[in-house]
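Residue numbers (the working numbering): 20 to 88. The beta-carbon is built from N, C-alpha and C at its ideal position, and this holds for glycine as well.
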C-alpha cells in the first residue's frame with residue numbers, strides 16, 4: 020500500500036507527530052511536515068519517530084516563537 024505524507028499546522032502538526040508514535044498508524048506514514056507544531060511533551064518523547072520529519076518555524080512569527088519549538 021502507498022504511504023502517507025502528513026502535513027499539519029499548530030495542533031495539526033502535533034497530531035501528525037502523534038500519529039507517528041502510534042504503532043498501527045505509523046506503518047502508514049512515510050513523511051511528516053509540521054508548521055509551528057504545538058507539542059507539550061518533552062522532545063525526548065519524539066525520539067521513537069522513524070519517519071522523515073520536517074519542522075518549520077518562522078522567526079518573525081509572534082505567536083509561535085522559535086524558542087518554544
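In this structure, residue 33 lies away from residue 67, with their beta-carbon atoms at least 8 Å apart. Between residue 64 and the set 30, 21, 37 and 48, the nearest pair of CA atoms involves 37. The shortest CA-to-CA distance from residue 44 to any of 29, 72, 23 and 71 is the one to 23.
For residue 53, the beta-bridge partners assigned by DSSP are 27 and 74. Residue 34 carries a helical assignment under DSSP once its states are collapsed to helix, strand and coil. A Cβ-Cβ contact shorter than 8 Å links residue 48 with residue 25.
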